[in-house]
Structure formats: structure tokens, C-alpha cells
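Trainee:
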Amino acid sequence: MFTFALFNLKGGVGKTASCVNFAYLAAKDGYKTLLWDIDPQGATSFYYKVKPKQKVAMKDLVGKDAELADSIMATEYENLDIIPADITAKAHDVMIDEMQASKKRLATVLKQLKNDYDFVFIDCPPGLSSLAENIFNAADVVLMPIIPTTLSVRTYNMVKDFFKEKNIDNKKMTCFFTMTDLRRTMHNEVMEELYKDKRFFENYIPYLSDVEKMGVHKAPLEEFARSSYAAQCYRDLWEEIKEGVL
Ligand SMILES: Nc1ncnc2c1ncn2[C@@H]1O[C@H](COP(=O)(O)OP(=O)(O)OP(=O)(O)O)[C@@H](O)[C@H]1O
Ligand SMILES: [Mg+2]
Numbered sequence: 001m002f003t004f005a006l007f008n009l010k011g012g013v014g015k016t017a018s019c020v021n022f023a024y025l026a027a028k029d030g031y032k033t034l035l036w037d038i039d040p041q042g043a044t045s046f047y048y049k050v051k052p053k054q055k056v057a058m059k060d061l062v063g064k065d066a067e068l069a070d071s072i073m074a075t076e077y078e079n080l081d082i083i084p085a086d087i088t089a090k091a092h093d094v095m096i097d098e099m100q101a102s103k104k105r106l107a108t109v110l111k112q113l114k115n116d117y118d119f120v121f122i123d124c125p126p127g128l129s130s131l132a133e134n135i136f137n138a139a140d141v142v143l144m145p146i147i148p149t150t151l152s153v154r155t156y157n158m159v160k161d162f163f164k165e166k167n168i169d170n171k172k173m174t175c176f177f178t179m180t181d182l183r184r185t186m187h188n189e190v191m192e193e194l195y196k197d198k199r200f201f202e203n204y205i206p207y208l209s210d211v212e213k214m215g216v217h218k219a220p221l222e223e224f225a226r227s228s229y230a231a232q233c234y235r236d237l238w239e240e241i242k243e244g245v246l
């Protein structure tokens with residue numbers, strides 16, 4: 001089992017869009033794949049049209065005696081399961097308490113599934129917190145989508161510092177550009193500068209309206225716009241990421 005976390009301290013950078021598409025592509029490749037929507041916004045669950053089972057509480061997911069299997073649901077796609085987000089405020093409070101209780105709780109809980117899945121994709125909320133620390137400890141690779149602007153460079157450095165401060169292996173931290181617009185000088189300059197850092201994948205996702213349409217279709221790009229440039233960009237990036245980890 002190999003675990004990816006789609007993370008950025010910054011909100012609205014394409015974590016969910018990327019998570020939804022990568023997980024779909026992994027499953028389509030024939031890998032047993034699990035999506036864990038750990039963001040209380042529940043956007044990944046929305047795209048996959050799945051709501052959590054009523055009888056499962058947050059303690060069953062991330063508590064000391066959690067049983068992950070009870071929370072896993074099938075999506076409509078072969079090889080692709082999901083743990084949907086619990087969007088209630090109570091669940092969010094329990095999650096924070098449990099993440100503060102142990103920085104390795106997520107890693108421990110995920111081990112229950114080590115023989116059941118080839119890939120796990122965690123869709124993370126923005127922010128640096130005890131949840132982020134848990135996610136970094138649990139993930140084999142943290143994938144950070146980055147919009148090439150000055151503020152993104154700042155948050156990128158803040159995440160790097162967080163890895164150092166928490167003593168987490170920063171080789172896990174990998175990045176790719178999203179929502180790029182090569183007509184903008186700033187995007188070109190930031191990309192050129194950051195590409196010098198070997199953490200960045202070469203393929204990137206431009207700003208493309210087909211990505212936004214995922215919300216209308218409630219589906220990954222491959223399902224409604226397979227021949228689009230956006231779908232091609234996600235395929236190319238997924239191939240590069242996969243090559244790097246397999
Ligand atoms: N490459 C892209 N081109 C155009 N729009 C995009 C692209 N990627 C994402 N979007 C749109 O930008 C918005 C934010 O994307 P997304 O929800 O994936 O970001 P996020 O990082 O998960 O946000 P949050 O921090 O709120 O979880 C969405 O409306 C999405 O459709
Ligand atoms: Mg999101």
C-alpha cells in the first residue's frame with residue numbers, strides 16, 4: 001500500500017480536483033484504490049456522490065480503537081472505494097482531539113488496510129495543524145499543488161519549515177504546479193525559480209475551465225471530458241508521479 005496526501009497550507013489550490021482525478025486514474029490502471037476525504041468540506045465526497053453511513057462516528061475512524069473497514073464505501077467505479085467526509089461540527093471537534101492525542105494516529109489506523117489497497121489518496125483540508133502532522137506521518141508522499149505566485153512561494157517555505165520543526169522526513173514533500181497561466185510573467189518567473197528545486201514534477205495543470213466543470217458533472221475529468229486537454233494534463237502528471245513511486 002502506498003499513501004499519497006494531497007496537501008497545501010493554502011486553500012483553493014486544486015488539492016481536491018487533483019485528488020479526485022489521480023485516484024480515478026489509479027483505479028482505472030487496475031490498482032485497488034481508496035480515497036479518504038478527511039476535509040470536513042467534503043468536496044471529494046461530493047464529486048463522487050457519496051455520503052457517510054449514519055452509524056459511523058468519527059471515533060470509529062480516528063479513535064484509538066478505530067475500525068476503518070466499517071467506514072469504507074464503494075464508488076460507482078471499479079477498484080475505487082472512498083471514506084467519505086463527515087461534515088458535522090461535532091465530527092470535526094472529535095477529529096482535532098484525536099489528532100492532538102497522537103501524532104501517529106492516522107498512520108496507525110491506516111495500517112489496518114495495508115493488504116487491501118495498492119494506493120490510498122487523502123484529500124486534506126488547508127492549514128498546518130496536528131491533523132497536518134498526522135497526515136505527513138501517515139503519507140509515503142505528500143503531493144502539494146502550487147499556483148505559481150509569490151504568496152504560494154511563501155506558503156511553500158512555511159510547509160518546508162513545518163516538516164523540519166516536526167522532524168518529518170522532507171523527502172516526502174513533492175510539488176506540482178496548478179492553475180498555471182503562462183501568459184503571466186509572474187507564473188513563468190515563479191515556475192522557473194521553483195523548478196530548480198528538485199521536488200517539482202515537470203508536468204503541470206494549467207488553468208482550464210474543464211476542471212471547474214467537474215462540479216457540474218460530479219465526476220472526474222476522464223468520465224465527461226476524456227479527450228480534453230485538462231484530462232490529458234492530469235494523465236501526464238499521474239504517469240510522472242506513478243513512475244516516481246513504483
Ligand atoms: N486547473 C484548474 N483550472 C481551473 N479551475 C480549477 C483548476 N483546479 C481547480 N480549479 C477550481 O478551483 C476551485 C478550487 O479547487 P479545489 O477545490 O480543487 O481546491 P482545494 O485546494 O481542494 O480547495 P480547499 O482548500 O478549499 O479544499 C474549484 O472551483 C475548482 O473547480
Ligand atoms: Mg479541497
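For the sequence shown, position 228 matches number 228 in the UniProt record's numbering, and the numbering has no gaps at all. Positions of the beta carbon are idealized from the N, C-alpha and C atoms, including for glycine. Quick caveat: nothing in here was measured; it's all calculated off a predicted structure.
#1: Looking at ligand 1, does it come within less than 6 Å of Pro126, judged from the CB to the closest heavy atom?
#2: How long is the line joining the alpha carbons of Ala74 and Ala57, rounded to whole angstroms?
#3: For the beta strand (DSSP E) holding Ala5, just list the boundary residues, first then last.
#4: So the beta strand (DSSP E) Ile135 belongs to, where does it begin and stop?
#5: Let's test the definition: count the other Cβ atoms within 10 Å of the Cβ of Leu193 and tell me whether it reaches 16, buried, or not, exposed.
#6: For Ala219, name the three-state secondary structure that DSSP assigns.
#7: Please name the residue in Thr108, Gly42 and Glu76 whose C-alpha comes closest to that of residue 297.
#8: Locate the beta strand (DSSP E) running through Phe176, then write down its first and last residues.
#9: Use the C-beta contact count for Asn167: other C-beta atoms within 10 angstroms, 16 or more gives buried, fewer gives exposed.
#10: For the pair the region 174-185 and the region 30-50, tell me if three or more CB-CB distances fall below 8 Å.
#11: Cα separation between Ile38 and Ala230?
#12: With DSSP as the reference, label Phe201 as helix, strand or coil.
#13: Could you say if the region 168-179 and the region 42-55 meet the contact criterion of at least three C-beta pairs nearer than 8 Å?
#14: Between the C-alpha atoms of Phe121 and Ile82, what's the straight-line distance to the nearest angstrom?
#15: Taking the alpha-carbon positions, what's the Val142 to Val159 distance?
Mentor: Put simply:
#1: yes
#2: 18 Å
#3: Phe2 to Leu6
#4: Element bounds for Ile135: not the beta strand (DSSP E) but the alpha helix (DSSP H), Ser130 to Ala138.
#5: Going by the sequence as given, residue 193 is Glu instead of Leu. It counts as exposed.
#6: It is coil, neither helix nor strand.
#7: Only positions 1 to 246 of the chain appear in this structure, which leaves residue 297 out of reach.
#8: Met173 to Thr180
#9: The residue in question, Asn167, is exposed, as its Cβ has fewer than 16 Cβ neighbours within 10 Å.
#10: no
#11: 25 Å
#12: coil
#13: no
#14: Rounded to the nearest whole angstrom, the CA to CA distance from Phe121 to Ile82 is 9 Å.
#15: 11 Å
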